[in-house]
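Numbering (our numbering), first residue to last: 310 to 413.
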């Protein structure tokens with residue numbers, strides 16, 4: 310994971326906006342594994358914001374889904390449910406109805 314993050318950072322540094330949200334998703338997941346809750350929250354939010362800003366609806370759905378799972382695992386059902394609902398709306402807008410059913 311660390312090597313992949315370094316590669317993505319290099320691409321992002323060179324101006325490739327198509328990978329920035331992936332970088333934030335990976336950083337968030339790594340922060341979760343390392344128990345760095347503040348970093349995880351910030352990286353999930355950054356992933357959601359950048360994927361939305363750059364028009365990556367399916368990746369915004371994924372970022373919300375992962376954030377929802379993270380918050381639920383932390384015992385925060387309010388934010389967990391919020392992110393899962395956002396994820397379902399994104400997947401539905403994208404046309405991925407089976408994924409929406411899976412998240413029900």
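No residue lacks a Cβ here, since even glycine has one placed at the ideal position from N, Cα and C.
These numbers come from a predicted model, not from an experiment.
| Query | Result |
| --- | --- |
| Taking all protein chains shown into account, do 16 or more other C-beta atoms lie within 10 angstroms of the C-beta of residue 335, making it buried, or fewer, making it exposed? | buried |
| In whole angstroms, give me the CA-to-CA distance for residue 410 and residue 374. | 13 Å |
| Going straight from the alpha carbon of residue 372 to that of residue 312, what length do you get? | 21 Å |
| Need the endpoints of the alpha helix (DSSP H) that residue 370 sits in, please. | 366 to 382 |
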